[in-house]
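Trainee:
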């Protein structure tokens, strides 16, 4: 019986580690796709805006939404598990904060693309694009976002003229509802979650460098204070000498 209990415990530990790694991989994938979408969104309305960019935005947006749904389901299931160990609970809360923050940034970028798409419609001949000085293809950025995990897309590229703003508006509403839904299902206070630095971080060197910078600033401030004190002392001595000379002159004249 004791051996069976150990086996069950080991299986539970393995499953917990597997679930934690899956959630972390999904959150990392979402962060990368959202970053790619933000990079693409900066070109809307600029000199590099074109039909290919709008289509890449659409496909990247769909990929991010798929990852967001997967993140929501996995993290919600884990955080609502009352038998989750304390360490795993803390790590899942950190992943939850990263997920919800990425989702809010994604929602803000979608709103920006929607507004810019209304102001700079490619089908209209009257709207002139802003000459930002940026040019070149953005296919590499979109390919980076779509290659995070395998996904089946239709090879036919939709034209920008058929890309309706109504579809984007519906997707914005969907993400907005998702943000509200995750806040209602899981009560994780962001200000109570302690951030954890990656293993490759070197906080000692950062602290040392910051201390060095502060010490240099203190030395500069001390030098400035010393110079100021010398100048004030010279001025006071000059005033005192003038006062003495004037008093002597008054005595002799009297």
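Residue numbers (the numbering used here): 277 to 530. Backbone N, C-alpha and C fix where the C-beta goes; we use that ideal spot for every residue, glycine too. Keep in mind that this is a model prediction, so the values were computed, not measured.
For the alpha helix (DSSP H) containing residue 382, name the first residue and the last one.
Mentor: What you label residue 382 is simply residue 106 of the chain shown in a count that begins at 1. Per DSSP, residue 382 belongs to the alpha helix (DSSP H) from 362-395.
Trainee: Return the chain-ordered list of same chain residues with a C-beta closer than 6 Å to the C-beta of residue 273, the five sequence neighbours on each side being excluded.
Mentor: The requested residue 273 is not part of the displayed model; the chain covers only 277 to 530.
Trainee: Where do the ends of the alpha helix (DSSP H) carrying residue 461 lie?
Mentor: Taking the chain shown and counting its residues from 1, the one referred to as residue 461 is at position 185. Element bounds for residue 461: 441-461.
Trainee: Ignore the nearest five residues each way along the sequence and tell me which others in residue 347's own chain have a CB closer than 7 Å to its CB.
Mentor: Within the chain shown, numbered from 1, the residue matching residue 347 stands at position 71. Cβ within range, chain order: 302, 303, 306 and 375.
Trainee: With a threshold of 7 Å (Cβ to nearest heavy atom), would residue 317 be considered close to the ligand ZN?
Mentor: This structure lacks the ligand ZN, and indeed carries no ligand of any kind.
Trainee: Have a look at 335, 297 and 328 and flag the residue whose alpha-carbon is nearest the alpha-carbon of residue 447.
Mentor: To locate residue 447, count along the chain shown from 1; it is residue 171. Minimum Cα distance to residue 447 is reached at 335.
Trainee: Thinking just about the alpha-carbon of each residue, which of 507, 444, 355 and 322 is nearest to the one in residue 370?
Mentor: Here residue 370 refers to the residue found at position 94 of the chain shown. Comparing Cα positions, the closest option is 355.
Trainee: Just the C-alpha distance for residue 337 and residue 363, rounded to the nearest angstrom, thanks.
Mentor: Translated into positions along the chain shown, residue 337 becomes position 61. Translated into positions along the chain shown, residue 363 becomes position 87. If you take the alpha carbons of residue 337 and residue 363, they lie about 33 Å apart.
Trainee: Taking residue 457 as the reference, give the member of 398, 397 and 349 with the closest Cα.
Mentor: Locating residue 457 in the chain shown gives position 181, where the first residue counts as 1. If we check each option's Cα against that of residue 457, 349 comes out closest.
Trainee: Suppose you measure from the CA of residue 452 to the CA of residue 361; what does that come to, to the nearest Å?
Mentor: Residue mapping note: residue 452 aligns to position 176 of the chain shown, counting from 1. Residue mapping note: residue 361 aligns to position 85 of the chain shown, counting from 1. Cα to Cα, the separation comes out at about 31 Å.
Trainee: Tell me which residue opens and which closes the alpha helix (DSSP H) that residue 470 is part of.
Mentor: For the purposes of this step, residue 470 is identified with residue 194 of the chain shown, where counting begins at 1. Looking at the DSSP string, residue 470 is not in any alpha helix (DSSP H), and its letter there is neither H nor E.
Trainee: So, at 8 Å on beta carbons, what are the nonlocal neighbours of residue 299 in its own chain, with the 5 sequence-adjacent residues on each side left out?
Mentor: By one-based count along the chain shown, residue 299 stands at place 23. These residues qualify, in order along the chain: 347, 350, 351, 354, 368 and 371.
Trainee: Using the Cα positions of residue 330 and residue 295, report the straight-line distance between them to the nearest angstrom.
Mentor: For this step, residue 330 is matched to residue 54 along the chain shown. For this step, residue 295 is matched to residue 19 along the chain shown. Distance between the alpha carbons of residue 330 and residue 295 is about 35 Å.
Trainee: Excluding the 5 residues flanking residue 461 on each side, which residues of the same chain have their C-beta closer than 7 Å to its C-beta?
Mentor: As a first step, residue 461 must be located in the chain shown, where it is residue number 185. For residue 461, where only same-chain residues beyond five positions count, the Cβ hits under 7 Å are 352.
Trainee: Keeping to the same chain, check which residues put their C-beta closer than 6 Å to that of residue 455; ignore five residues upstream and five downstream.
Mentor: On the chain shown, residue 455 is found 179 positions in, with the first residue counted as 1. Here the set comprises 379.
Trainee: With a CB to CB cut of under 6 Å and the five nearest residues on each side skipped, what residues in its chain are close to residue 464?
Mentor: For the purposes of this step, residue 464 is identified with residue 188 of the chain shown, where counting begins at 1. 369 and 372, listed in sequence order.
Trainee: Just mark residue 449 as buried or exposed, buried being the case when its beta carbon has 16 or more other beta carbons within 10 Å.
Mentor: The residue given as residue 449 occupies position 173 in the chain shown. Burial call: exposed.
Trainee: Using the Cα positions of residue 393 and residue 321, report the straight-line distance between them to the nearest angstrom.
Mentor: Reading the chain shown from its first residue, position 117 is the one you call residue 393. Reading the chain shown from its first residue, position 45 is the one you call residue 321. Rounded to whole angstroms, residue 393 to residue 321 spans 7 Å at the Cα level.
Trainee: Are the beta-carbon atoms belonging to residue 340 and residue 310 less than 8 Å from one another?
Mentor: Indexing the chain shown from 1 puts residue 340 at position 64. Indexing the chain shown from 1 puts residue 310 at position 34. Yes, these two residues count as a Cβ contact at 8 Å.
Trainee: Looking at residue 333: is its Cβ nearer than 8 Å to the Cβ of residue 317?
Mentor: Within the chain shown, the letter at position 57 stands for residue 333. Within the chain shown, the letter at position 41 stands for residue 317. Yes; because the gap between Cβ atoms is below 8 Å, this pair is in contact.
Trainee: Helix, strand or coil: how does DSSP classify residue 314 here?
Mentor: Position 38 of the chain shown, counted from the first residue, corresponds to residue 314. It is helical.
Trainee: Taking Cβ to Cβ, would you say residue 313 is nearer than 8 Å to residue 382?
Mentor: Numbered from its first residue, the chain shown carries residue 313 at position 37. Numbered from its first residue, the chain shown carries residue 382 at position 106. Going by C-beta atoms, residue 313 is nearer than 8 Å to residue 382.
Trainee: Please confirm whether residue 327 and residue 398 have their CB atoms less than 8 Å apart.
Mentor: Indexing the chain shown from 1 puts residue 327 at position 51. Indexing the chain shown from 1 puts residue 398 at position 122. Against a cut-off of 8 Å, the Cβ pair of residue 398 and residue 327 comes out as a contact.
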